[in-house]
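A short write-up of the structure that comes next.
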Amino acid sequence: MSAPPASSSRDGAGAKSPYSFTLQTEEVDALGTSFQVVYADEGSPTDPVIVCVHGAPATHKAYRHVVEGLTSKGYRVIIPNMPGMGLTALDPDGIYNHTSEHKAEVIKGLLEKIGIKSVATVVGHSMGGHVTCQLAADPALEGSIKSICLLSSAGSRPHRLFSPYWLYFIFGQLIYFSIKLPIIGTAVKRLVSNLIAAAGLRGLTRDAEVFSWYEGSQLHFKKFATNVERLVQLDLPALCVYSSNDKFVEMPVLEDTILRLGMRPEDTIKYNEEGVTMEKFKEGSLKRAVEFEKGTHMVHYVYPEQVIKEMLAFLHEVVRPQ
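Note that full-length UniProt numbering gives residue 55 to position 55 of the sequence shown, counting from 1, and the numbers run on in steps of one.
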């Protein structure tokens, strides 16, 4: 599957990017096959590394509002495009299965290929949160990933966007296998594209939108809970940023993740609808939750300056303690 021409109006971010990315491509060996991984690599190569994992449907542009704020403060930001989302093609052997486990293996392969041995934090938005925890819980990466940051992350049980999940799961399986059929496949892609648009989302390609739906049906919620349990055992620093008005991932799911990560009520600060807070974290705190009143599911789009501020303050404790 190839990327659409530059003039295409279909954009994984859904809007014109305020940041100009420089994309690179690496041949990455993972899962017993190879991928031509397209990724953004911004900032100085000598700075601490932040790896950002997008959700679905999305591309590297999902982080366009926060990249400059991080690189300008001395961080290198690497954003891989996941296979099937319109830029990184699926592997030629058909091994990739769109699970968080396979996504994590592709990212791990990319980091190895470009010589990244230490990561200050792995950031995951939405379904990318599952990938983030999969990476951080990987015994092979223990000690190399210093912290995680979850933005409006999917959790340990299906959220409202997938409700009822049994129906979402069945439909996801049907559309994934039907897109390969002549005539029917085209109609299915159009249907899914309309459903994705109705949810306020947009993929770079219609294939990406179908794969996104399928990826939702491939989430392993129990595995996520197990990974989070391991992160607690490792005492890994964590920052959770979310919104009380998230229409996709509801508060009980978000709060469950926070509790599973071992955070207490005093580990949370709240921003009001103007994006203002008078609260501060205790100095040296390595478990932090930030709740926005009106941030929506795209909290880093709505309040980029505040999210950047909280990420930098957290990273200061993780990477550069005084």
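Using N, Cα and C, we set each Cβ at its ideal position, and we do this for glycine too.
Does the Cβ of residue i lie closer than 8 Å to at least one heavy atom of the ligand NAD?
i	result
Phe177	In the structure on display, the ligand NAD does not appear, and there are no ligands present to speak of.
Give me the Cα-Cα distance between residue i and residue j, rounded to the nearest whole angstrom.
i	j	result
Lys270	Val290	6 Å
His316	Tyr214	38 Å
Ile114	Thr132	19 Å
Met278	Asn272	10 Å
Val253	Ser152	10 Å
Asp47	Val66	16 Å
Tyr75	Asp93	36 Å
Lys222	Leu234	19 Å
Asp207	Glu293	34 Å
Lys180	Ala197	22 Å
Asp41	Tyr301	20 Å
Are the CB atoms of residue j and residue i within a distance shorter than 9 Å?
i	j	result
His220	His130	yes
Thr33	Asp91	yes
His54	Asn81	yes
Gln134	Phe35	no
Gly69	Pro304	yes
Thr88	Tyr19	no
Val210	Val241	no
Gly172	Ser217	yes
Val28	Leu110	yes
residue 344	Ile79	Given a span of 1 to 322 for the chain in the structure shown, any question on residue 344 remains unanswerable.
Met85	Gly200	no
Val37	Ser118	no
Lys287	Leu261	yes
Looking only at C-alpha atoms, which of the options sits nearest to residue i?
i	options	result
His98	Val123, Ile78, Lys247 and Gly128	Gly128
residue 324	Ser72, Ile107 and Lys73	Nothing can be reported for residue 324: it is not among the residues displayed for the chain, which extend from 1 to 322.
Pro139	Glu266, Tyr176, Cys240 and Leu231	Leu231
Gly284	Ala313, Tyr19 and Tyr242	Ala313
Glu142	Asp256, Leu150, Val122 and Leu195	Val122
Thr205	Ser152, Lys287, Asp41 and Pro57	Pro57
Asp256	Leu174, Leu150, Ser212 and Tyr301	Leu150
Ile116	Phe177, Leu201 and Val51	Val51
Val307	Ala198, Ser243, Leu259 and Leu181	Ser243
Ile175	Lys287, Ser212, Glu112 and Gly43	Ser212
residue 358	Gly43, Ser44, Glu112 and Lys73	This structure cannot settle anything about residue 358, because the visible part of the chain is limited to 1 through 322.
Ile258	Ile148, Pro45 and Arg160	Ile148
If you drop the 5 nearest sequence neighbours on each side, which residues of the same chain put their C-beta closer than 6 Å to that of residue i?
i	result
Lys146	Ala120 and Val318
Thr25	Gln36 and Val38
Identify, in the order they occur along the chain, each residue of the same chain with its Cβ nearer than 7 Å to the Cβ of residue i, setting aside the five sequence neighbours on each side.
i	result
Lys309	none
Asn227	Cys133, Gln134 and Ala137
Gly14	Note on Gly14: pLDDT 40, under 50, position unreliable in the model; no value is reported.
Who are the near neighbours of residue i in its chain, counting only those whose CB is closer than 8 Å to its CB and skipping five residues on each side?
i	result
Glu101	Gln134, His220 and Lys223
Q. Would you say the stretch 247-257 touches the stretch 295-306, given that touching needs at least three Cβ pairs under 8 Å?
A. Verdict: yes, contact present.
Q | Three CB pairs or more closer than 8 Å across the stretch 162-175 and the stretch 257-271 | A | Contact between the stretch 162-175 and the stretch 257-271 is absent, because fewer than three Cβ pairs lie under 8 Å.
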